[in-house]
Every structure is written in structure tokens, then in C-alpha cells.
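Quick note on this note's numbering: the sequence shown kicks off at -14 and runs consecutively. Have a look at the structure below before the remarks.
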Amino acid sequence: MLDTVRFGELLQRRGYNFYSGVPCSFLKDLINYSINECDYVMAANEGDAAAICAGAYLGNRKPVLLMQNSGLGNAVSPLTSLHGVFRIPLLGFVSLRGGPADEPQHELMGPITAPMLETMGIAHETLGGTIEEAETQLARADQAFSRGQSFFFIVTKGTFSPVALRKSPGPPAGTAPRGDIPVLPQERTGEEPFTGETLFTRREMLASLRAAAAPGSAILATTGFTGRELYELGDGPENLYMAGSLGCVSSLGLGLALARPDRRVIVLDGDGSLLMRTGALAVNGWYNPGRMLHILFDNRAHESTGGQFTVSAGVDWPAAVRALGYPWVRRAASPGALEQETASWNKAGGLRFIHVPIALGTPENLGRPKINPRDGAIRFKEYLSKPPIIA
């Protein structure tokens, strides 16, 4: 059995002090240690946790992912198309449920945990039971991390010594205090959104957002047409164009905003994306970062895959987002309104959500970013390493 506190201190000495994950009884003591002693983000699911860790890494933290192996499948998308494609390293701990006396739902996942990691190209070892062995293993893992490679420890039952949870649950220090920003009523036009009003295109709205974004902002664009149109409006190191990992952009933004509270973080989302991982809204609202603007471009369609409908028409986004903890929610139905709301956020900060209904339609022969994901992540991380510009 490992002394959890000593092992946690070994992790901290190597710079690993930012954690995110979903609880597992096999990992509860390491989770308790990380909550007690480090920055820990309780994610809604394992895929969101992986994306939160990716954002923290871009903000120059060394993240740790903690999860049960039953959730490994949930994390495959960000582990492959975010961490893998962008070469964002991650130190992971995954429990090995599925022994003879375990619950029946783990029967299949137990034997395939290591093969799944191998298929994803993630180096892994079963964590040893002595501090000396674990320290040697951690050195190997840290070397892989320094090369931009993820490394996972498989954790068996009884590996960690008991650690009591002593912190009351609550947002981490440094997040925006609640109550500073009032919850405003939804703008009323007399019509339900999309009905009886002129809709503007995503490109028009993006151009307005770019014009209003303050110098030094970090802009994260969800995969699909949003990132491609943002690129065509003008590439720059402040932009990160997601490829894959649909639904993870706001979790990526949360990790970055918590790691770099001195930066303005703008998250550009889509309705299909946000519907896929709506639970992230509750996590974002709970941790309430001090400078994160979450913009939803809503055309009620999966436009980049042929225009199939989403169920966004059945969602009252402002009401849903407020209910899930965002302190400030507005709707902007024109480029001028979006520019005005963005300018207001530039000054006031806080966590804000803007629902932006848009028309279907994108420019013909829309290109793709010519910078590859790996180089884009390196450029973005270097951009963030420079002193921020906060007016």
C-alpha cells in the first residue's frame, strides 16, 4: 500500500498540482489528497475532465486526470482528438475495476482497460505498491510528459492509504465572487428566438466578436465551421481551432480560465456541441472563473455534416444556463448587440453566457486552418506565456 500523502508530495514536487476527474472508490484517497492540497475540478464526466486538463496544460499547469476505468470510454474522444492530435500531454490514473468479486458492470471493462490505452497510443503501467517503486515509475511518466506524451497509471484496489477529506466543497480560491454580476432578465423582442426577426450569419457574428475582443484575449473555437470561419477572418496566435472532441470546448475553456485567471478566455460554442456535453455548464457555473465568456452560436443544425437538425429548438438556453449556475446570461441577435455585450464583459469580467441565434449558411469553398493542430497548440501556449494585457 502506498502512503498517499507521500506520493502526492512526490507529484507536487514534479509540478503536478492541478487535478480533474470523476470519483472512484479505488482512487478516493488520492482524490481526497488532491482536493485537500491542490487545485481539483470535479467534472461531470471523464471526457470533460480530460478537456479541463488540456486547458490547464495550455495555461502552463501540469494536469492529472483521475477516473474509474468504466469512464475510460467516455474520455476516448478528447484523449484521441484533443490530447492525441494536439499532442497535449496528460498524467492519468485509471482504476482497474472488474475483478472476480466486483460488480457485474465492470466484467468486460476490466480486461480491456490496458488494451484500450494501448490502442490509443497511451503509455501505461500498473502503479506499484511501494513508495520507492512508485517514485521510479513517476520519473518515467514525467519524462514522457516532458516529451509531450500522455502516461497513465492503472490502479488496483487497495493501492492508496486512507486520506480523509477535510475541505468543504466549494469553488477554488480566485474565482469570481457570486453576486458581483446580477442575473439579468432575458431580452424580450416579443417573439420567440428565430421567429419574426432577421437572423445574421455565423461569419457576421464572428467578425463582430473579433472586432470587440480585447487585446490579449484567448479565443477557443469549437470544431467544424466555427473554427474554420474564424480562421478565414484572420489567423493569429490568440486562436485555437479545435479538431474533434465535439462538446469539449467549454471544458477546455474552464481549465484554461482557472489556470490563467489573468487572461480573458472567450469560448465559441455551437448548439450541437453544447447539447452533447450539457453537464459541463453546471461545472462551469460552479467554478465560476473570473474571466470567461461563453458564446453559443445556435443555428439548430449540424451544419458542417449536412445540415441535420439538432434538438436545440426545444431548449430555452438562457433559462437552462441560469439554472445550471451561470451568473450572467444574455441573448444577442445582431452583430451590434454581440459587440456591445463583449465590450461590456471586457470591462466587468466574470463568467458570462451569450446566446446568439444565427442563420444557416457558410461561405462557399470554406477552407481549413493551414496550421496543424500540434503547431497551433504550441503557438497558443507560447502566446499565453507572454504577459497578459488586462485593461
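We put the beta carbon where it would ideally sit given N, CA and C, even for glycine.
Extent of the continuous beta strand (DSSP E) run through residue i
i    : result
Y25  : 24 to 27
E110 : 108 to 111
L281 : 276 to 283
S80  : 76 to 80
D254 : 250 to 255
R315 : 313 to 316
Classification of residue i by the beta-carbon crowding that lies within 10 angstroms, buried from 16 upward
i    : result
E103 : exposed
K371 : exposed
A362 : buried
V306 : buried
Q293 : exposed
E349 : exposed
V268 : buried
G275 : buried
P63  : buried
G175 : Only weak support exists for where G175 lies, its pLDDT of 36 falling under 50; the coordinates are left without a value.
N59  : buried
N357 : exposed
S55  : buried
D33  : buried
V7   : buried
D301 : exposed
L93  : exposed
A126 : buried
V168 : Residue placement at V168 is flagged as unreliable, the pLDDT there being 40, under the threshold of 50; a coordinate-derived value is accordingly withheld.
A317 : buried
V148 : buried
P96  : exposed
T183 : exposed
A298 : exposed
N17  : buried
Sheet register partners of residue i (DSSP bridge)
i    : result
M1   : In the sequence on display, residue 1 carries Tyr and not Met. Y1 pairs with K47.
V341 : F282
N224 : I204
Q293 : H287
I116 : I116 is not bridged to any residue.
V140 : S80
G219 : Its beta-bridge partners do not exist; DSSP assigns none.
M52  : V79
L336 : M277
F145 : L(-13)
Cβ-Cβ distance between residue i and residue j below 8 Å
i    : j      : result
L81  : T(-11) : no
L43  : K332   : no
T327 : L278   : yes
N284 : A344   : yes
F210 : R195   : no
R249 : A199   : yes
A29  : H68    : no
G77  : L239   : no
G212 : P342   : no
D24  : F(-8)  : no
A108 : A129   : yes
S258 : L237   : no
F459 : P303   : Residue 459 falls outside the range modelled here, since the chain spans only -14 to 376, and no answer is possible.
G229 : V70    : yes
T98  : L(-13) : no
L215 : L191   : yes
S146 : L323   : no
Q134 : P74    : yes
V296 : L260   : yes
E223 : Y368   : yes
I139 : V234   : no
Below-8 Å beta-carbon distance, residue i vs any chain D residue
i    : result
R213 : Looking for chain D here will not work: only one protein chain is present.
Residue i: CB within 7 Å of a non-hydrogen atom of the ligand GTP
i    : result
S193 : Ligands displayed in this structure: none; no statement on the ligand GTP is therefore possible.
Bounding residues of the alpha helix (DSSP H) (the contiguous stretch that carries residue i)
i    : result
N30  : Note, N30: premise wrong, no alpha helix (DSSP H); not H, not E.
Q325 : 320 to 333
G238 : 234 to 244
P8   : Run containing P8: none; DSSP gives neither H nor E here.
I97  : 94 to 104
E349 : That residue, E349, is in no alpha helix (DSSP H); it is neither H nor E in DSSP.
A308 : 302 to 308
L369 : 358 to 370
E189 : 187 to 197
L266 : 264 to 272
- request: Taking 8 Å as the threshold, find out whether the segment 304 to 324 comes into contact with the segment 334 to 344 through three or more Cβ pairs.
  value: At 8 Å Cβ cutoff, the stretches touch.
message: Check whether the segment 202 to 210 and the segment -4 to 13 are in contact - that is, three or more C-beta pairs closer than 8 Å.
response: Touching, no.
query: Using 8 Å as the Cβ pair cut-off and three pairs as the minimum, do the segment 50 to 62 and the segment 110 to 123 touch?
result: Cβ pair count under 8 Å is below three, so no.
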